[in-house]
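S.K.: This structure is in structure tokens; I'll ask about it shortly.
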Amino acid sequence: MPRLGAHACLWAPEWTRDSAPAMCRAAAEAGLDLIEVPLLRPAEVDPEWSRSLAREHGLALTCSLGLPKDASLPHHPEAAERFLDGALEATARMGSWCLTGVTYGTIGGCTGRPPSEEEYAVLADSLRRVARRAASLGLELGLEPVNRYENHLLNTAGQTAELIDRIGEPNLFIHLDSYHMNIEEKGFAAPLRAHGSRVRYVHLSESDRGVPGTGNVHWRDLFTALGEIGFAGDLVLESFVHLHPDIASALSVWRPVASGSEEVSEKGFAFLRERAREAGITLGG
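Structure below.
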């Protein structure tokens with residue numbers, strides 16, 4: 003059955019020894035199954051400690067990232083592969099089943115031109131090697147299409163499926179995000195129905211990245227489609243209540259999206275569980 007979780011930025015801008023214990027307590031109190039940990043600087047995360055802490059609270063961890071500017075694809079493929087190798091190593095040691103997110107580029111990294119064949123060729127070659135490295139560690143690698151203002155390479159599920167076909171490795175999957183779908187897709191159900199067998203991770207994010215159920219996302223359409231495809235992956239509430247300044251700038255988050263973590267947790271999880279129940283989806287936790 004699907005697991006329900008939350009991105010760590012619901013509670014704090016970074017996953018550290020100071021912030022992570024409170025995050026885990028809050029997630030456990032909310033009855034969640036997992037926390038998504040952003041690996042902005044993988045070398046600064048203590049994987050074994052993180053894994054142990056999560057287990058103490060009955061939680062799993064997943065890992066996500068966007069590539070840094072100096073190790074971006076397609077411009078710096080060798081540096082990007084080194085960065086991703088380090089992130090994969092940390093991910094495996096943390097006990098996550100996947101590394102996902104904008105694993106193919108930099109958040110906020112746009113050239114001002116449509117993506118070229120040359121760019122996709124570099125992506126395919128580099129990510130093929132990265133996917134094989136992930137497989138050697140028992141991991142799967144997710145590709146999250148994001149909106150046109152955050153990256154120009156992958157904006158839709160269809161583009162992502164085409165790149166996965168080109169790469170040709172079985173441990174790649176599509177990671178959808180309702181915030182980006184609201185901008186780029188023609189509805190919330192169609193991409194899931196078209197590519198459901200490849201969608202293993204979904205960010206549940208409102209149209210303003212605030213409290214689910216208070217914006218423009220068509221949640222019933224989304225959950226109905228999830229039920230139809232028999233989705234059994236991870237559903238992760240992503241609300242950027244707390245953001246590292248670098249990420250806030252890249253995402254153009256200039257004002258509070260909610261009054262605080264408590265509002266999102268109290269209202270958001272209840273809303274999402276009700277939409278899942280209506281769609282006949284049984285959530286873990």
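For what it's worth, this note's numbering labels the leading residue of the sequence shown as 3, then goes sequentially. Note that CB positions come from ideal geometry on N, CA and C, so glycine has one too.
Starting from A278, trace the beta strand (DSSP E) both ways and give me its first and last residue.
M.R.: No beta strand (DSSP E) holds A278; the alpha helix (DSSP H) holding it covers 271-280.
S.K.: If we count the other Cβ atoms within 10 Å of its Cβ and call it buried at 16 or more, is L139 buried or exposed?
M.R.: Label assigned to L139: exposed.
S.K.: Given this structure, state the Cα-to-Cα distance separating A30 from E119, to the nearest angstrom.
M.R.: When rounded, the distance between both Cα atoms is 46 Å.
S.K.: Answer yes if the region 46-55 comes into contact with the region 68-80, meaning at least three C-beta pairs across the two stretches below 8 Å, and no otherwise.
M.R.: As far as the Cβ criterion goes, the region 68-80 does not touch the region 46-55, which means the pair count is below three.
S.K.: Any idea what DSSP makes of G7, helix, strand or coil?
M.R.: Reduced to three states, the DSSP call for G7 is strand.
S.K.: Go ahead and pull the three-state DSSP assignment for A227.
M.R.: DSSP places A227 in helix when its eight states are reduced to three.
S.K.: Should the region 26-41 be regarded as contacting the region 85-104, the criterion being three or more beta carbon pairs within less than 8 Å?
M.R.: In short, these stretches touch, since the Cβ pair count reaches three.
S.K.: Secondary structure at V124, three-state DSSP: helix, strand or coil?
M.R.: Here V124 sits in helix by DSSP.
S.K.: Thinking just about the alpha-carbon of each residue, which of F175, A159, R84, I166 is nearest to the one in A196?
M.R.: Considering only alpha carbons, the answer is A159.
S.K.: Give the range of the alpha helix (DSSP H) segment to which T162 is assigned.
M.R.: Where T162 is concerned, the enclosing alpha helix (DSSP H) stretches over 159-169.
S.K.: Apply the 10 Å Cβ neighbour rule to T113 and answer buried if 16 or more other Cβ atoms are within range, or exposed otherwise.
M.R.: It is exposed - the Cβ of T113 has fewer than 16 other Cβ atoms within 10 Å.
S.K.: Give the C-beta separation of L143 and L194 to the nearest angstrom, bearing in mind that I take them to be a contact with Cβ-Cβ under 8 Å.
M.R.: Contact doesn't hold; Cβ gap of about 20 Å is too wide.
S.K.: Whose CA, out of Y106, R257, P247, lies closest to the CA of L75?
M.R.: Cα-wise, what sits closest to L75 is Y106.
S.K.: Can you say whether N218 is buried or exposed, counting buried as having 16 or more other CB atoms within 10 angstroms of its CB?
M.R.: When all chains shown are included, N218 counts as exposed.
S.K.: Note down the Cα distance separating S128 from L155, rounded to an integer number of angstroms.
M.R.: Spanning the two alpha carbons is a distance of roughly 14 Å.
S.K.: Using alpha carbons as the reference points, say which of L63, L239, V104 lies closest to E268.
M.R.: When each option's Cα is compared against that of E268, the closest is L239.
S.K.: Could you please give the first and the last residue of the uninterrupted alpha helix (DSSP H) stretch that includes A29?
M.R.: Segment 22-31, the alpha helix (DSSP H) holding A29.
S.K.: Below 8 Å, can you find three or more Cβ-Cβ pairs linking the region 122-137 to the region 50-68?
M.R.: Contact fails: fewer than three Cβ-Cβ distances are below 8 Å.
S.K.: Which residues does DSSP list as the beta-bridge partners of P40?
M.R.: In DSSP, P40 forms a bridge with S66.
S.K.: Between which two residues does the beta strand (DSSP E) harbouring Y203 extend?
M.R.: Note, Y203: beta strand (DSSP E), 201-206.
S.K.: Buried or exposed for S261, going by 16 or more other Cβ atoms inside 10 Å?
M.R.: It is exposed - the Cβ of S261 has fewer than 16 other Cβ atoms within 10 Å.
S.K.: How is the alpha helix (DSSP H) around T93 delimited, first residue to last?
M.R.: Looking at the DSSP string, the run of the alpha helix (DSSP H) that includes T93 is 79-96.
S.K.: Thinking C-alpha only, which one of C65, V204, G212, T18 is nearest R257?
M.R.: For the residues C65, V204, G212, T18, the minimum Cα distance to R257 belongs to G212.
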